[in-house]
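Participant: This is the structure I have questions about; it appears just below.
There are 2 protein chains.
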Amino acid sequence: MRSSEESALLTDFYQLTMLAAYFEEGMTETAVFEFFVRKRPECRNFFLACGLEPALDYLENFAFTQEEIDWIARLGRFKPAFLDWLASLRFTGDVDAMPEGTPFFPHEPILRVVAPLPEAQIVETRLINLLQLSTLTASKAARVRLAAGDALLVDFGLRRAHGAEAGMLSARASYLAGFDGTSNTLAGMRWDIPVYGTMAHSFVQAHVSELSAFEAFARIHPAATTLLIDTYDTEAAAEALVPLAHTLRAEGIALRAVRLDSGDLAAHARRVRAILDAAGLAEIKIFASGNLDEYEVERLRAQGAPIDGFGVGTRMNVSADAPYLDCAYKLQEYAGKPRRKRSEGKATWPGRKQVFRRYDEKGRLAGDLLTLVGEEAEGEPLLQPVMRAGKRLRAAPPLSALRAQAMASLNALPPPLKSLGAAPPYPVAIGDALTRLAQEIDAQAH
Amino acid sequence: MRSSEESALLTDFYQLTMLAAYFEEGMTETAVFEFFVRKRPECRNFFLACGLEPALDYLENFAFTQEEIDWIARLGRFKPAFLDWLASLRFTGDVDAMPEGTPFFPHEPILRVVAPLPEAQIVETRLINLLQLSTLTASKAARVRLAAGDALLVDFGLRRAHGAEAGMLSARASYLAGFDGTSNTLAGMRWDIPVYGTMAHSFVQAHVSELSAFEAFARIHPAATTLLIDTYDTEAAAEALVPLAHTLRAEGIALRAVRLDSGDLAAHARRVRAILDAAGLAEIKIFASGNLDEYEVERLRAQGAPIDGFGVGTRMNVSADAPYLDCAYKLQEYAGKPRRKRSEGKATWPGRKQVFRRYDEKGRLAGDLLTLVGEEAEGEPLLQPVMRAGKRLRAAPPLSALRAQAMASLNALPPPLKSLGAAPPYPVAIGDALTRLAQEIDAQAH
Numbered sequence: 001m002r003s004s005e006e007s008a009l010l011t012d013f014y015q016l017t018m019l020a021a022y023f024e025e026g027m028t029e030t031a032v033f034e035f036f037v038r039k040r041p042e043c044r045n046f047f048l049a050c051g052l053e054p055a056l057d058y059l060e061n062f063a064f065t066q067e068e069i070d071w072i073a074r075l076g077r078f079k080p081a082f083l084d085w086l087a088s089l090r091f092t093g094d095v096d097a098m099p100e101g102t103p104f105f106p107h108e109p110i111l112r113v114v115a116p117l118p119e120a121q122i123v124e125t126r127l128i129n130l131l132q133l134s135t136l137t138a139s140k141a142a143r144v145r146l147a148a149g150d151a152l153l154v155d156f157g158l159r160r161a162h163g164a165e166a167g168m169l170s171a172r173a174s175y176l177a178g179f180d181g182t183s184n185t186l187a188g189m190r191w192d193i194p195v196y197g198t199m200a201h202s203f204v205q206a207h208v209s210e211l212s213a214f215e216a217f218a219r220i221h222p223a224a225t226t227l228l229i230d231t232y233d234t235e236a237a238a239e240a241l242v243p244l245a246h247t248l249r250a251e252g253i254a255l256r257a258v259r260l261d262s263g264d265l266a267a268h269a270r271r272v273r274a275i276l277d278a279a280g281l282a283e284i285k286i287f288a289s290g291n292l293d294e295y296e297v298e299r300l301r302a303q304g305a306p307i308d309g310f311g312v313g314t315r316m317n318v319s320a321d322a323p324y325l326d327c328a329y330k331l332q333e334y335a336g337k338p339r340r341k342r343s344e345g346k347a348t349w350p351g352r353k354q355v356f357r358r359y360d361e362k363g364r365l366a367g368d369l370l371t372l373v374g375e376e377a378e379g380e381p382l383l384q385p386v387m388r389a390g391k392r393l394r395a396a397p398p399l400s401a402l403r404a405q406a407m408a409s410l411n412a413l414p415p416p417l418k419s420l421g422a423a424p425p426y427p428v429a430i431g432d433a434l435t436r437l438a439q440e441i442d443a444q445a446h
Numbered sequence: 447m448r449s450s451e452e453s454a455l456l457t458d459f460y461q462l463t464m465l466a467a468y469f470e471e472g473m474t475e476t477a478v479f480e481f482f483v484r485k486r487p488e489c490r491n492f493f494l495a496c497g498l499e500p501a502l503d504y505l506e507n508f509a510f511t512q513e514e515i516d517w518i519a520r521l522g523r524f525k526p527a528f529l530d531w532l533a534s535l536r537f538t539g540d541v542d543a544m545p546e547g548t549p550f551f552p553h554e555p556i557l558r559v560v561a562p563l564p565e566a567q568i569v570e571t572r573l574i575n576l577l578q579l580s581t582l583t584a585s586k587a588a589r590v591r592l593a594a595g596d597a598l599l600v601d602f603g604l605r606r607a608h609g610a611e612a613g614m615l616s617a618r619a620s621y622l623a624g625f626d627g628t629s630n631t632l633a634g635m636r637w638d639i640p641v642y643g644t645m646a647h648s649f650v651q652a653h654v655s656e657l658s659a660f661e662a663f664a665r666i667h668p669a670a671t672t673l674l675i676d677t678y679d680t681e682a683a684a685e686a687l688v689p690l691a692h693t694l695r696a697e698g699i700a701l702r703a704v705r706l707d708s709g710d711l712a713a714h715a716r717r718v719r720a721i722l723d724a725a726g727l728a729e730i731k732i733f734a735s736g737n738l739d740e741y742e743v744e745r746l747r748a749q750g751a752p753i754d755g756f757g758v759g760t761r762m763n764v765s766a767d768a769p770y771l772d773c774a775y776k777l778q779e780y781a782g783k784p785r786r787k788r789s790e791g792k793a794t795w796p797g798r799k800q801v802f803r804r805y806d807e808k809g810r811l812a813g814d815l816l817t818l819v820g821e822e823a824e825g826e827p828l829l830q831p832v833m834r835a836g837k838r839l840r841a842a843p844p845l846s847a848l849r850a851q852a853m854a855s856l857n858a859l860p861p862p863l864k865s866l867g868a869a870p871p872y873p874v875a876i877g878d879a880l881t882r883l884a885q886e887i888d889a890q891a892h
């Protein structure tokens, strides 16, 4: 059996029941779906688009295996002709999307699929699954980067991410959003993200003494030693390692950093900094971890805690203060006719849409316009062609290039949006033609 | 490249730096690690153990590929002899664990690993990753089941679960915790979970009219038709489908249910129920979905809303009110000596532990005792041997059997723990020998 990350069967069962109907009814004309976020949580001033490359991988490789088709057949709910057709189904459509790392706002599509209805429909579940997770964690990680200034930031969250793919894609998203690296070794291998790692408390505990653990580790990893000093008593450990640090330095081994992982991190950092500085060990940096997020990082920096780097895990990876987005992938047009869902609280803007972004004289975001494709407008059109007839128009860019672009975009945010507190909403105007179209559709319905 | 679900490299990089040190130092004596949750969030009265079988799969198949070893080598931080040894590393240890579906409480280990130190260490990250996710969602899903009484419950959360594995393991966990099925088709295939699915708004929108969408769907799926009636106007759709339902009934096609997905679900359900009943269609059930969780299900049932089943997604799958657990996998013993971490706020109980559970005369949970293995105690010992020398002691039980056991366990919870509000803590006593051991270790440290 294939891994769930690769399987076309990783989809809501209603996609299959709907496809059976589309097949019987011959409903295979062109459909347009768009992915967007409906609402902004209080604790997010913007979203950072992420997940496009994994989504394109999925679309390029979409196919059922014979094993999967056989299993569907055994459910006894589908006709053989449909199953044969399903076995041959591939994604042959077009995709336009915002580049990964682009800040965006509610109701702005970040991805548009134009494809025969069954193809555009069946990929719904997994596209949402991939785009939500990546955008969710990139948007959270961007806040951590904005709070951390130039401090070193390492993703520590694999263990409490929600499963394997969440650990992978949150490592990718956080690096794209400005982290410096990850503890997730496989993510390092897959996307060339710098990997960071030192020691766990168990390493200290397994040795006869804390100091013997430190010494053994430093001698085995002379070029990259960070010592975890909070297993028993943080300041006692800092005092104890002073003579060891001098001995090692005499042998040419420089300790790089100590890590604090519990207690009042600001107070410990101050005391440890003083101990190290007094001992002539100013070059040893202080790295902090343990229940961190953007709020805590901001608080520590506001207190002037002498911390050079942060390991940020769980709360970033699961986006703890907003662990899901109110996002959707909605039909906007079928067979040339715009469509609009009008369910209470869930109404959508119909048709194929584009987002134009204006910048002020300082290069900062100054306002967006949501338009119908083809409407003339000022500014930069954010959705760009990325796939035609089921094939990527270009290879996946290196993640480091996407990261550089994301950093530039974050830098161009208006200052209120960069703060952690709730900012006034960023202006997103609706184009005239789009407004008229929505009104026309509503009028026809009555 | 292997999928991330299978890769031994899906681990924190510090596991590799520590293993290199253990290898150099010859530290391969037996280590004991236990997985437990430190603290209970306000919104959970108990946890439901889940994730053991995926964890055992991982341990049985643990091995690096040559491609992975070659990548590690290229980092230039490890010696060839270590890499050769790493390539041959397998998990050869023992595992004892609580059966999946067992309710448990803070500081009670649900899984113990006894293995040579490097083996027990390197599996830390992925074991936490698997056990947290499954336990998190099973514990949330159990609350939804307790709130829903006998109503039909279907997992709808794949699209907003955090990636592929989260969608899979939350489908598994929610079924184990009492859901009736899932929309996740691949989870249905992998674990024989009943799959449910009907239609999306896009299906209705793609047709020339709502009614033509309903009729086409019913004729193509005569045995299992649920119609989504909130795309435009819920009550209008209910009125409109009455004549269709009678026509279809005359042809032997019985509509099974209608689905409501937006607005005031209780009010819509009442009005739709009245429309259907007045038309002699009492057999058509009402199924509700949209932003549901245990609180909303309880509220709808308390209002007497005539809803027969619930599709519960996002908030359950991501455990939105508690999206992570304060859990850990900690070294408790090495080379025959008990170990205790004393970091502030993170102190652990040392040694190999067992949990004894007592029941009252009604078969309800009456109190637990956390003891050292070997201590005599009343009650049922909850941790049982499941793996010896790296091999399962028995095949994975069918998920339906685990589900039945979990249902019986939930039923045996004391009534206050079954409520959604915060209950007084369940009594977990600490055995005398364990208390003494912790004191001895602390005394030695001073």
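Residue numbers (our numbering), protein chains in the order written: chain A, 1 to 446; chain B, 447 to 892. Virtual Cβ for every residue (Gly too), placed ideally from N, Cα, C. No experiment lies behind these values; they were computed from the predicted model shown.
#1: From what residue to what residue does the alpha helix (DSSP H) around Ser400 (chain A) run?
#2: My assumption, with CB atoms under 8 angstroms, is that Leu325 (chain A) sits in contact with Val95 (chain A). Please give the rounded CB distance.
#3: Taking C-beta pairs closer than 7 angstroms, name the residues in chain A that Met464 (chain B) reaches, listed in chain order.
#4: Arg160 (chain A) to Arg589 (chain B), Cα distance in whole Å?
#5: In angstroms, rounded to a whole number, what distance separates the CA positions of Glu611 (chain B) and Phe33 (chain A)?
#6: Can you give me the C-alpha to C-alpha distance between Glu67 (chain A) and Phe104 (chain A), rounded to a whole angstrom?
#7: Could you give the residue range of the beta strand (DSSP E) that holds Met387 (chain A)?
#8: Say whether chain A places a C-beta atom closer than 8 angstroms to the C-beta of Gly825 (chain B).
#9: Since I believe Gln354 (chain A) is in contact with Leu383 (chain A) (beta carbons under 8 angstroms), could you give me their beta-carbon distance rounded to a whole number of angstroms?
#10: Closest by CA to Val428 (chain A), which one among A:Arg394, A:Ala366, A:Gly390, A:Leu410?
#11: Which one of B:Arg705, B:Tyr775, B:Ala691 has the shortest CA to CA distance from Asp679 (chain B)?
#12: Spell out whether any CB of chain A is found under 8 angstroms from the CB atom of His608 (chain B).
#13: For Arg145 (chain A) versus Ala322 (chain A), is the C-beta spacing smaller than 8 angstroms?
#14: What residue range is occupied by the uninterrupted beta strand (DSSP E) comprising Gln800 (chain B)?
#15: Measure the beta-carbon distance from Gly539 (chain B) to Ala561 (chain B) and round it to whole angstroms, keeping in mind my assumption that it falls under 8 angstroms.
#16: Can you find the residues in the same chain that come closer than 6 angstroms, C-beta to C-beta, to Arg761 (chain B), ignoring five residues on each side of it along the sequence?
#17: Of all the CB atoms in chain B, is at least one closer than 8 angstroms to the CB of Asn61 (chain A)?
#18: Rounded to a whole number of angstroms, what is the C-alpha to C-alpha distance between Pro424 (chain A) and Pro41 (chain A)?
#19: Ignore the nearest five residues each way along the sequence and tell me which others in Arg785 (chain B)'s own chain have a CB closer than 7 angstroms to its CB.
#20: For chain B, is any of its Cβ atoms less than 8 angstroms away from the one on Phe13 (chain A)?
#21: What in chain A is Cβ-close to Lys485 (chain B), meaning under 8 angstroms?
#22: Starting from Pro500 (chain B), trace the alpha helix (DSSP H) in both directions and tell me its first and last residue.
#23: Note the first and the last residue of the continuous alpha helix (DSSP H) segment covering Gly634 (chain B).
#24: Pick out whichever of A:Glu235, A:Arg256, A:Leu211, A:Tyr426 has its Cα sitting closest to the Cα of Ala224 (chain A).
#25: Compute the Euclidean distance between the alpha carbons of Gly263 (chain A) and Leu816 (chain B), then round it to the nearest angstrom.
#26: Taking the alpha-carbon positions, what's the Asp230 (chain A) to Ser648 (chain B) distance?
#27: Do the segment 560-575 of chain B and the segment 739-753 of chain B touch if we need at least three Cβ pairs shorter than 8 angstroms?
#28: Decide if Ser655 (chain B) is buried, meaning its Cβ has at least 16 other Cβ atoms within 10 Å, or exposed.
#29: Quick check on the DSSP output: the beta strand (DSSP E) that includes Glu821 (chain B) runs from which residue to which?
#30: Consider the Cβ of Asp277 (chain A): report whether some Cβ of chain B lies at a distance smaller than 8 angstroms.
#31: Using CA atoms only, rank isn't needed, just tell me which of A:Lys391, A:Arg358, A:Ala389 is closest to Gly379 (chain A).
#32: Does the count of Cβ pairs from the segment 724-738 of chain B and the segment 581-588 of chain B closer than 8 angstroms reach three?
#33: Under the three-state reduction of DSSP, which class applies to Arg364 (chain A): helix, strand or coil?
#34: Just confirm the distance between the C-beta atoms of Trp85 (chain A) and Met635 (chain B), as a whole number of angstroms; I'd bet it's less than 8 angstroms.
#35: For Ser658 (chain B), count neighbouring C-beta atoms within 10 Å of its own C-beta (all shown protein chains included) and say buried if the count is 16 or more, exposed if not.
#36: For chain A, is any of its Cβ atoms less than 8 angstroms away from the one on Phe802 (chain B)?
Facilitator: Considering the structure as presented:
#1: What you label residue 400 (chain A) is simply residue 400 of the first sequence in a count that begins at 1. From DSSP, the alpha helix (DSSP H) with Ser400 (chain A) extends over 399-411.
#2: Taking the first sequence and counting its residues from 1, one reaches residue 325 (chain A) at position 325. Taking the first sequence and counting its residues from 1, one reaches residue 95 (chain A) at position 95. That pair is no contact at about 20 angstroms.
#3: The residue labelled residue 464 (chain B) in the question sits at position 18 within the second sequence. What Met464 (chain B) touches in chain A: Met199, Ala200, Phe203.
#4: For the purposes of this step, residue 160 (chain A) is taken as residue 160 along the first sequence, with counting starting at 1. For the purposes of this step, residue 589 (chain B) is taken as residue 143 along the second sequence, with counting starting at 1. Distance between the alpha carbons of Arg160 (chain A) and Arg589 (chain B) is about 21 angstroms.
#5: Mapped onto the second sequence, residue 611 (chain B) falls at position 165. Mapped onto the first sequence, residue 33 (chain A) falls at position 33. Rounded to the nearest whole angstrom, the CA to CA distance from Glu611 (chain B) to Phe33 (chain A) is 25 angstroms.
#6: As a position in the first sequence, residue 67 (chain A) is number 67, starting the count at 1. As a position in the first sequence, residue 104 (chain A) is number 104, starting the count at 1. Counting only the Cα atoms, Phe104 (chain A) lies some 40 angstroms from Glu67 (chain A).
#7: The sequence position of residue 387 (chain A) within the first sequence is 387, counting from 1. For Met387 (chain A), the uninterrupted beta strand (DSSP E) run begins and ends at 384-388, by DSSP.
#8: Here residue 825 (chain B) refers to the residue found at position 379 of the second sequence. No, because no Cβ of chain A sits closer than 8 angstroms to the Cβ of Gly825 (chain B).
#9: In the first sequence, counting from the first residue as 1, residue 383 (chain A) sits at position 383. In the first sequence, counting from the first residue as 1, residue 354 (chain A) sits at position 354. About 6 angstroms; that satisfies the 8 angstroms criterion.
#10: The residue given as residue 428 (chain A) occupies position 428 in the first sequence. Residue nearest to Val428 (chain A) within the set A:Arg394, A:Ala366, A:Gly390, A:Leu410 is A:Ala366 (criterion: CA-CA distance).
#11: The count along the second sequence starts at 1 and reaches residue 679 (chain B) at position 233. Closest by alpha carbon: B:Arg705.
#12: The residue labelled residue 608 (chain B) in the question sits at position 162 within the second sequence. It does; some Cβ of chain A falls within 8 angstroms.
#13: To locate residue 145 (chain A), count along the first sequence from 1; it is residue 145. To locate residue 322 (chain A), count along the first sequence from 1; it is residue 322. No, Cβ-Cβ distance for Arg145 (chain A) and Ala322 (chain A) is not below 8 angstroms.
#14: For this step, residue 800 (chain B) is matched to residue 354 along the second sequence. Here the beta strand (DSSP E) through Gln800 (chain B) covers 799-805.
#15: Numbered from 1 along the second sequence, position 93 holds the residue referred to as residue 539 (chain B). Numbered from 1 along the second sequence, position 115 holds the residue referred to as residue 561 (chain B). A Cβ-Cβ distance of about 2 angstroms is found for the pair Gly539 (chain B) and Ala561 (chain B), placing them in contact under the 8 angstroms criterion.
#16: As a first step, residue 761 (chain B) is located in the second sequence; it is residue number 315 there, counting from the start. Result list for Arg761 (chain B): Asp739, in chain order.
#17: Within the first sequence, the letter at position 61 stands for residue 61 (chain A). Not an interface residue.
#18: On the first sequence, position 424 is the one that residue 424 (chain A) refers to. On the first sequence, position 41 is the one that residue 41 (chain A) refers to. Going by the C-alpha atoms only, they are around 12 angstroms apart.
#19: The residue labelled residue 785 (chain B) in the question sits at position 339 within the second sequence. For Arg785 (chain B), where only same-chain residues beyond five positions count, the Cβ hits under 7 angstroms are Leu777, Gln778, Glu779, Pro796.
#20: If you number the first sequence from 1, residue 13 (chain A) lands on position 13. It does; some Cβ of chain B falls within 8 angstroms.
#21: As a position in the second sequence, residue 485 (chain B) is number 39, starting the count at 1. When 8 angstroms is used as the limit between beta carbons, Lys485 (chain B) is near no residue of chain A, the shortest such separation being about 11 angstroms.
#22: Position 54 of the second sequence, counting from 1, holds the residue named residue 500 (chain B). 498-506 is the span of the alpha helix (DSSP H), which, as asked, contains Pro500 (chain B).
#23: Translated into the one-based positions of the second sequence, residue 634 (chain B) becomes position 188. Its alpha helix (DSSP H) spans residues 631-637.
#24: The sequence position of residue 224 (chain A) within the first sequence is 224, counting from 1. Closest by alpha carbon: A:Arg256.
#25: Looking up residue 263 (chain A) in the first sequence gives position 263. Looking up residue 816 (chain B) in the second sequence gives position 370. Rounded to the nearest whole angstrom, the C-alpha separation of Gly263 (chain A) and Leu816 (chain B) is 26 angstroms.
#26: Here residue 230 (chain A) is taken as the residue at index 230 of the first sequence, counted from 1. Here residue 648 (chain B) is taken as the residue at index 202 of the second sequence, counted from 1. Computed Cα separation, rounded: 55 angstroms.
#27: Result no; under three Cβ-Cβ pairs closer than 8 angstroms.
#28: As a first step, residue 655 (chain B) is located in the second sequence; it is residue number 209 there, counting from the start. In the assembly as shown, Ser655 (chain B) is an exposed residue. Its beta-carbon has fewer than 16 other beta-carbons within 10 Å.
#29: Within the second sequence, the letter at position 375 stands for residue 821 (chain B). Counting along the chain, Glu821 (chain B) falls outside any beta strand (DSSP E), and DSSP gives it neither H nor E.
#30: Counted from its first residue, the first sequence places residue 277 (chain A) at position 277. False, the Cβ-Cβ gap to chain B never drops below 8 angstroms.
#31: On the first sequence, position 379 is the one that residue 379 (chain A) refers to. Nearest option by C-alpha distance: A:Arg358.
#32: Taking 8 angstroms as the limit for Cβ pairs, the verdict is that the segment 581-588 of chain B does not touch the segment 724-738 of chain B.
#33: On the first sequence, position 364 is the one that residue 364 (chain A) refers to. Residue state for Arg364 (chain A) is assigned as coil, using DSSP reduced to three classes.
#34: Numbered from its first residue, the first sequence carries residue 85 (chain A) at position 85. Numbered from its first residue, the second sequence carries residue 635 (chain B) at position 189. Contact flag wrong, Cβ pair sits at about 19 angstroms.
#35: One-based indexing of the second sequence puts residue 658 (chain B) at position 212. Counting Cβ neighbours within 10 Å, Ser658 (chain B) comes out exposed, since fewer than 16 surround it.
#36: Reading the second sequence from its first residue, position 356 is the one you call residue 802 (chain B). Proximity of Phe802 (chain B) to chain A, defined by a Cβ-Cβ separation below 8 angstroms, is not satisfied.
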